Amino acid sequence: MKRTYGTGRGSRAGRTSRSVVSGEFALPKTVRPGLPAVASFGELALPDELLRMLTSLGMNEPFPIQAATLPNSLAGRDVLGRGRTGSGKTLAFGLALLARTAGRRAEPRSPLALVLVPTRELAQQVTEALTPYARSLKLRLATVVGGMSIGRQAGALRGGVEIVVATPGRLKDLIDRGDCRLDEVAVTVLDEADQMADMGFMPQVTALLDQMRPEGQRMLFSATLDRNVDLLVRRYLHDPVVHSVDPSAGAVTTMEHHVLHVHPVDKHAATTEIAARDGRVIMFLDTKHAVDRLTRDLLGVGVRAAALHGGKSQPQRTRTLAQFKSGHVTVLVATNVAARGIHVDSLDLVVNVDPPADHKDYLHRGGRTARAGESGSVVTLVLPSQRRDMSRLMRDAGITPQIAQVRAGEAELSRITGARAPSGVPVVITAPVMERPRRSGASTRGRRSHSAEARRAADPRRAADQPRTGQGAGAFRHSAPPVAAAS
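Numbers in the numbering used here are just positions in the sequence shown, counted from 1, shifted up by 590.
Next up, the structure:
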């Protein structure tokens, strides 16, 4: 039976023009001129430990947004940076935050630097990116986000950490409990501030910023800068150095945008053939129910698919992402929960099975591909009833798409997406069975907690920078060994 997954709303795609995205505010004028960009990390006043770590990881030349912002952020200037997802924003603010925190030791409950992000997935990505650099400087880093035990996070903060990566809601909860205070925070980063505004976090973000030292350094990075972010810029950034390395629409010449017109009766078959292609793909749909249904259908015809949405627990989401990154799963079927904070190397196709709600959602979904100069395509399936809305959305995004009428089984669909017929042999995606290690050393936690930690330690995908499982609305992870040994 033919199915339509979700209602969709519209979309168009192609190569992006340099027009300003609808609704963006005028960037502030810098009063005191900023420092010029650098050509290499060696020109920056970075600690030797960071330079050695960059070299060991093969990071020899900075990406444009890093080259432009780091001279100023290392000098203590406030920074307003706009760069497309995958442009290197994390190290652009991360290296400065680490360098300016190096050599200091945090008191219990009083972190020295803070990174605020909108989602758990983005918090995980930021933590994973900064972990080796923090370790090299013997800085303790903790992640507090929704989805896991607030008690473990509280314990980490009470033990003392220099850097916290957090979502606004969970951090506020910990502050209200008396487990954290922000009056010693000297460096603050707001990553993907527009998404935090879209998700309703603005009151929490401003309340948190009001608790910090007014003379502290603030850096705001985002792929889009709409008028919701203007409040943060005007109120909390003081004469910021402004860098907009990429077009405001967030696209690059290595990203192609395709709008494929399909008939309702043919959409399910076309979606299935695209999913069966050789290579990984992320498919976005509107609802959790639609995601689960498409995932079941794909598994039933031989496509190694897995679902990712807000109804999954944090351990499930972490495991699914690990399977997708390793290639054990080739199709990630997701709602917008995956549109931010997922970095998968060599992902060359994103498919909007349901067109996104607005141009910002489109840009952030598409940002999963063509990262850091790689090539990639964004494909949107559009029903006849969605064409007008899609045209409006793409005008707002400043994108001129390549448009084609396609049907399942036809050469044009295969040419654009690599679509092919699935094997038809059902598959089951199972989690690998891990051997439980022996207990070692004394534990102050109960048996249930200890055995759960043993299972986590046995999983190589849950190394020191992976979130810890549990109940409640927060997750915690340390960059270095456990709390006491992370110095």
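Where a beta carbon is used, it is the ideal one built from N, C-alpha and C, also for glycine.
Note that the coordinates shown come from a computational prediction; the quantities given were computed from them, not determined experimentally.
Taking the alpha helix (DSSP H) that residue 672 falls in, what are its first and last residues? No alpha helix (DSSP H) holds residue 672; the beta strand (DSSP E) holding it covers 669-672.
Same chain, Cβ closer than 6 Å to residue 927, five either side skipped, listed in chain order: 899 and 900, listed in sequence order.
Whole beta strand (DSSP E) runs in the region 608-660 with 3 or more residues, listed along the chain? Taking only runs of at least 3 residues, no beta strand (DSSP E) segment lies wholly in the region 608-660.
Can you tell me where the beta strand (DSSP E) holding residue 808 begins and where it ends? The continuous beta strand (DSSP E) containing residue 808 extends over residues 807-812.
Three or more C-beta pairs under 8 Å: does that hold for the region 778-791 against the region 690-707? Enough Cβ pairs lie closer than 8 Å, so yes.
DSSP bridge partner residues for residue 781 (one or two, in chain order): Residue 781 is bridged by DSSP to 811.
Can you check whether the CB of residue 1017 is closer than 8 Å to the CB of residue 917? In this structure, residue 1017 does not lie closer than 8 Å to residue 917 by Cβ.
Whole-Å CB distance - residue 752 paired with residue 694, under 8 Å assumed: Contact flag correct, Cβ pair sits at about 7 Å.
If residue 776 and residue 702 are in contact, beta carbons under 8 Å, what's the gap, nearest whole angstrom? Contact holds; Cβ gap of about 6 Å.
For the beta strand (DSSP E) holding residue 922, just list the boundary residues, first then last. Where residue 922 is concerned, the enclosing beta strand (DSSP E) stretches over 921-924.
What would DSSP say about residue 772, mapped onto helix, strand or coil? In the structure shown, residue 772 sits in coil (DSSP, three-state: anything other than H, G, I, E or B).
Residues sharing a beta bridge with residue 874, DSSP: DSSP lists 924 and 942 as partners of residue 874.
Under the three-state DSSP convention, the category residue 845 falls into: Strand, per DSSP.
Report yes if the C-beta distance between residue 686 and residue 700 is below 8 Å; otherwise report no. No, they are not a contact pair.
Taking the alpha carbon of residue 993 as the reference point, which residue from 975, 897, 847 and 886 has its own alpha carbon closest? Nearest C-alpha to residue 993: 847.
How about residue 666 and residue 679: are their beta carbons less than 8 Å apart? One thing to note: residue 666 has its Cβ no nearer than 8 Å to the Cβ of residue 679.
Per DSSP, the bridge partner or partners of residue 956: Within the DSSP secondary-structure output, residue 956 pairs in no beta bridge.
On a CA-only basis, which of 763, 889, 689 and 952 is nearest residue 728? Give me that one, please. For the set 763, 889, 689 and 952, the Cα lying nearest the Cα of residue 728 is the one of 689.
If I follow the unbroken beta strand (DSSP E) through residue 869, where does it start and stop? For residue 869, no beta strand (DSSP E) segment is defined, and its DSSP state is neither H nor E.
Pick from 904, 732, 773 and 895: whose alpha carbon is nearest that of residue 756? Ranked by Cα distance from residue 756, the first of 904, 732, 773 and 895 is 732.
Residues near residue 851 in its chain [Cβ-Cβ closer than 6 Å; skip 5 each side]: A distance below 6 Å between beta-carbons, with the five flanking residues on each side excluded, links residue 851 to the following residues of its chain, in chain order: 972 and 995.
Three Cβ pairs or more, each shorter than 8 Å: is that satisfied between the region 738-754 and the region 763-772? Output reads yes: the region 763-772 touches the region 738-754.
In the structure shown, what three-state DSSP assignment does residue 976 receive? Residue 976 falls in the helix class under three-state DSSP.
Taking its Cβ as the centre, do 16 or more other Cβ atoms sit within 10 Å of residue 920, making it buried, or is it exposed? It is buried - the Cβ of residue 920 has at least 16 other Cβ atoms within 10 Å.
What are the start and end residues of the alpha helix (DSSP H) that includes residue 726? Per DSSP, residue 726 is one residue of the alpha helix (DSSP H) stretching across 710-726.
With burial defined as no fewer than 16 other Cβ atoms inside 10 Å of the residue's Cβ, what is the status of residue 828: buried or exposed? By the 10 Å Cβ count, residue 828 comes out exposed.
Just to confirm before moving on: does the CB-CB distance between residue 860 and residue 997 stay below 8 Å? For residue 860 and residue 997, yes; Cβs fall inside 8 Å.
Between residue 722 and residue 636, is the Cβ-Cβ spacing less than 8 Å? Not a contact, by the Cβ cut-off of 8 Å.
Cα separation between residue 659 and residue 624? A direct Cα-Cα distance of roughly 9 Å separates residue 659 from residue 624.
Once DSSP output is grouped into helix, strand and coil, what is the label at residue 704? DSSP places residue 704 in the strand class (E or B) of the three-state scheme.
For residue 887, which three-state DSSP category applies? Residue state for residue 887 is assigned as helix, using DSSP reduced to three classes.
Neighbourhood of residue 950 by C-beta, 6 Å cutoff - its chain only, sequence neighbours within 5 removed: Cβ within range, chain order: 814.
Could you compute how far the alpha carbon of residue 989 sits from the alpha carbon of residue 823? Looking at the two C-alpha atoms, the distance is approximately 27 Å.
What are the start and end residues of the beta strand (DSSP E) that includes residue 731? Annotation for residue 731: the continuous beta strand (DSSP E) segment containing it runs 731-735.
DSSP bridge partner residues for residue 753 (one or two, in chain order): Per the DSSP secondary-structure output, residue 753 pairs in a beta bridge with 703 and 731.
If residue 925 and residue 857 are in contact, beta carbons under 8 Å, what's the gap, nearest whole angstrom? In fact, because the Cβ distance is near 18 Å, the residues do not count as touching under 8 Å.
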